[in-house]
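Protein chains in written order, with my numbering: chain U, 288 to 917; chain H, 45 to 205.
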């Protein structure tokens with residue numbers, strides 16, 4: 288049963304742990320995954336702590352639906368105070384680890400303290416053990432997983448691991464499992480490294496029981512048919528997220544050369560069809576009928592042979608458009624390197640693109656350049672920087688390993704204008720100047736510039752307004768350059784994704800890019816069939832609101848407020864130069880954007896400074912743990 | 045006409061939905077350890093192979109069973125186990141060349157029963173790595189896949205001349 292899955296409190300300093308049940312009321316209020324993690328983040332972390340100190344708390348949580356054969360229900364949520372932003376650190380990972388943890392009897396792990404020597408946590412059918420990882424330290428993310436399997440003589444073990452980037456405390460090091468799955472954002476791998484925690488390995492064969500197994504089985508099939516019936520999922524099954532490039536590099540919604548242009552001319556070698564010559568098949572996460580990632584082989588070139596999975600659209604931007612490299616080979620090699628070292632593809636791509644623009648603008652000293660040729664399109668510089676940053680080698684490697692904000696402080700104020708970051712975290716290679724809804728999402732996200740917190744991607748489809756009103760519950764413009772109703776769109780998607788991350792399914796199998804995909808109504812039925820809980824659509828939306836408001840409260844306590852919900856200045860000052868007529872010449876209108884932010888706060892029940900109102904906290908049953916003002 | 049469970053590893057995406065629906069159908073729980081089918085993976089080279097009972101024409105499990113507990117269901121073609129006769133000696137598990145018969149974590153001998161002629165793993169396999177089809181269809185599809193390669197080659201040759 289969902290109800291017999293446990294939480295383990297593991298203290299690495301003392302090597303002690305406790306195992307407890309997860310209370311029903313906590314489940315009712317936060318479901319699981321990101322929801323329960325955010326509750327613990329807010330309640331267990333004292334304000335102002337050093338994210339790399341032993342007092343930071345690392346939270347690992349499966350979703351409420353984890354393990355069912357539908358909608359990619361194999362996702363795991365990893366949270367802590369972010370060493371990159373100082374705000375909510377939270378990242379979601381697919382693959383096969385979360386179900387294995389659940390079959391081993393656990394839904395949540397709360398990891399505190401710091402181990403005296405490199406260690407890993409071993410979880411096996413209800414048992415927890417902290418083991419020596421000295422022999423794993425220094426190994427890459429692939430080798431580490433293999434070595435753990437070999438040490439235990441069990442090929443079916445699934446592990447969350449860090450690579451060299453995490454060991455070296457690169458502030459955007461990620462957590463990895465399998466060939467390509469990554470909890471990429473906000474530096475959760477750095478937190479693991481700071482705790483001397485190389486891996487969390489799980490193996491389990493414990494039954495997961497349900498109140499209505501037959502109905503659940505039927506409904507899982509229905510859900511899988513629903514998602515694979517959408518055109519988006521069918522395109523994803525063949526091309527992966529690379530298909531997005533075909534759209535954005537035609538319309539002009541993709542940033543190139545950091546943020547200089549919004550379309551890559553002569554970019555045909557990055558089209559998804561190019562992957563055909565490298566692909567041996569597609570690959571899916573646990574319980575996924577969409578299977579959006581390529582299994583690829585790179586046979587030629589100095590880095591060959593490489594077998595890898597991906598690349599995502601994100602890596603296409605990170606090592607393609609943003610740095611003006613126009614070859615799929617470059618993307619594939621760099622994708623392999625970031626996976627090997629365990630570093631966030633998006634963050635490192637964003638930061639390399641930024642340093643290349645600073646080089647072009649002659650804003651770097653000789654010492655900062657560190658002997659690199661940082662010209663646009665220099666793929667060797669990209670590979671070398673991935674290595675140097677991951678290993679913290681040389682002046683530039685060390686400078687960039689700390690992320691945008693410390694690097695801006697060292698390079699100089701002028702460099703800030705070119706940094707496409709919010710709250711210290713890099714934005715995707717999407718250009719949101721023509722799309723106010725997408726711009727609002729990245730500005731207000733609780734974990735810094737981010738497209739996976741609230742992106743209403745279906746805004747780009749120009750859907751009939753009647754349909755949009757049916758989905759979002761109030762009038763919304765079908766024109767993606769309009770500001771009308773876009774705050775509601777972002778608010779609604781934000782609640783949807785908070786629930787998606789709490790029940791542990793894949794965002795691509797909800798209303799992200801497909802309209803006829805599962806949403807609150809379907810979640811309600813899945814939650815009931817899996818756990819027996821009866822939650823209506825408004826009740827589920829309220830849980831989403833609770834998760835978001837708790838995140839907001841955490842950030843407020845760390846000093847974040849409306850002043851931080853902002854866009855890079857370039858969004859207001861530099862009009863888009865290329866693209867479709869509807870896209871070209873666009874900037875974000877400052878006044879209209881401010882109104883959007885206020886509307887968005889109001890929908891959440893937060894005041895004009897982005898602080899949750901007392902009555903909102905009362906309604907949601909959230910304790911106000913903010914320090915009293917003196 | 046008689047249908048066969050046909051596995052095409054080239055199409056398998058490794059999602060393991062087949063394992064979970066099998067466990068949910070037969071044991072009413074999610075736990076791949078109960079599944080009669082399992083995707084064996086070579087993760088670092090991207091090779092995924094679903095392994096399941098082949099419902100052999102001359103089944104070794106039936107031959108080695110000292111109790112005569114293994115028999116064929118004439119309607120579906122599935123080899124089944126008569127639990128009234130089975131003594132759990134595991135000879136069938138030992139001798140099956142495919143791992144088609146498993147020893148359950150509860151100690152019971154288990155194998156694919158083709159879900160009474162409508163296998164749920166097949167129904168839920170989106171990439172169609174698993175198919176439950178008639179022999180003639182299976183033969184045709186194999187031949188067509190091979191012919192496709194010849195066809196592409198011939199078209200290349202024709203357009204070159």
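Note that the Cβ used here is the ideal one computed from N, Cα and C, for glycine as well.
Which of helix, strand or coil does DSSP assign to residue i?
i	result
residue 663 of chain U	coil
residue 987 of chain U	It is not possible to answer for residue 987 of chain U, since the shown part of chain U is limited to 288 through 917.
residue 460 of chain U	strand
residue 96 of chain H	coil
residue 741 of chain U	coil
residue 507 of chain U	helix
residue 49 of chain H	strand
residue 244 of chain H	A question about residue 244 of chain H goes unanswered here, because the residues of chain H that appear run from 45 up to 205.
residue 175 of chain H	strand
residue 834 of chain U	helix
residue 80 of chain H	coil
residue 919 of chain U	Not covered by the structure: residue 919 of chain U. The range shown for chain U is 288 to 917.
residue 273 of chain U	The structure shown does not extend to residue 273 of chain U, since chain U is modelled only from 288 through 917, so no value can be given for it.
residue 590 of chain U	coil
residue 682 of chain U	helix
residue 424 of chain U	coil
residue 521 of chain U	helix
residue 61 of chain H	helix
Looking at the unbroken beta strand (DSSP E) that takes in residue i, where does it start and where does it end?
i	result
residue 364 of chain U	363-368
residue 485 of chain U	484-490
residue 322 of chain U	It is not in any beta strand (DSSP E) - residue 322 of chain U instead sits in the alpha helix (DSSP H) that spans 320-331.
residue 393 of chain U	393-399
residue 580 of chain U	580-585
residue 124 of chain H	123-125
residue 446 of chain U	445-448
Classify residue i: buried if its beta carbon has 16 or more other beta carbons within 10 angstroms, exposed otherwise.
i	result
residue 155 of chain H	buried
residue 194 of chain H	exposed
residue 762 of chain U	exposed
residue 45 of chain H	exposed
residue 632 of chain U	buried
residue 905 of chain U	exposed
residue 308 of chain U	exposed
residue 364 of chain U	buried
residue 82 of chain H	buried
residue 168 of chain H	buried
residue 879 of chain U	exposed
residue 412 of chain U	exposed
residue 578 of chain U	buried
residue 641 of chain U	buried
residue 333 of chain U	exposed
residue 131 of chain H	exposed
Under DSSP, the alpha helix (DSSP H) around residue i begins and ends at which residues?
i	result
residue 478 of chain U	475-481
residue 820 of chain U	Note, residue 820 of chain U: premise wrong, no alpha helix (DSSP H); not H, not E.
residue 195 of chain H	179-204
residue 859 of chain U	857-860
Listing by chain order, which chain U residues have their CB less than 8 Å from the CB of residue i?
i	result
residue 57 of chain H	568, 569, 570, 571, 575 and 578
Starting from the beta carbon of residue i, find every residue of chain H whose beta carbon is closer than 8 Å, and list them in chain order.
i	result
residue 955 of chain U	Nothing can be reported for residue 955 of chain U: it is not among the residues displayed for chain U, which extend from 288 to 917.
residue 495 of chain U	73, 74 and 75
residue 354 of chain U	64 and 74
residue 500 of chain U	68, 72 and 73
Just the chain U side, please: which residues come within less than 9 Å of residue i by C-beta, in chain order?
i	result
residue 179 of chain H	Within chain U, no residue comes near residue 179 of chain H; the closest Cβ sits about 26 Å away, beyond 9 Å.
residue 90 of chain H	466, 567, 568, 570, 582, 583, 584, 594, 595 and 596
Name, please, each residue of chain H whose Cβ falls closer than 9 Å to the Cβ of residue i.
i	result
residue 492 of chain U	75, 76, 77, 78 and 149
residue 411 of chain U	Per Cβ cutoff of 9 Å: no residues; residue 411 of chain U is ~13 Å from chain H at best.
Quick one: list the residues of chain H neighbouring residue i, beta-carbon separation under 7 Å, in chain order.
i	result
residue 515 of chain U	170
residue 508 of chain U	167 and 168
State yes or no: is the C-beta of residue i nearer than 7 Å to some heavy atom of the ligand ATP?
i	result
residue 538 of chain U	Of ligands this structure carries none, so the ligand ATP is not represented either.
*asked:* Under 8 Å, with one C-beta from each stretch per pair, do the region 368-385 of chain U and the region 589-605 of chain U reach the 3-pair mark?
replied: Not touching, per the Cβ criterion.
*Report yes or no: do the region 789-807 of chain U and the region 514-529 of chain U share at least 3 C-beta pairs separated by less than 8 Å?*
By the C-beta criterion, the region 789-807 of chain U is judged to be in contact with the region 514-529 of chain U, since at least 3 inter-stretch pairs fall below 8 Å.
_Cβ pair count under 8 Å reaching 3, the region 391-410 of chain U against the region 602-614 of chain U_ = Judged by Cβ distances under 8 Å, the region 391-410 of chain U makes no contact with the region 602-614 of chain U, as fewer than three pairs qualify.
*asked:* Taking 8 Å as the cut-off, does the region 618-631 of chain U touch the region 456-472 of chain U (at least 3 CB pairs, one atom from each stretch)?
replied: Output reads yes: the region 618-631 of chain U touches the region 456-472 of chain U.
*Touching by the beta-carbon criterion (3+ pairs, under 8 Å), the region 885-902 of chain U and the region 853-862 of chain U*: Too few Cβ pairs lie closer than 8 Å, so no.
_With a threshold of 8 Å, are at least 3 pairs of Cβ atoms found where one atom belongs to the region 868-885 of chain U and the other to the region 765-774 of chain U?_
A contact exists between the region 868-885 of chain U and the region 765-774 of chain U.
*Stretch pair the region 785-792 of chain U + the region 338-354 of chain U: three plus CB contacts closer than 8 Å*: Output reads yes: the region 338-354 of chain U touches the region 785-792 of chain U.
*How do the region 470-481 of chain U and the region 439-455 of chain U stand: do at least 3 beta-carbon pairs fall below 8 Å, yes or no?*
Yes, the region 470-481 of chain U is in contact with the region 439-455 of chain U.
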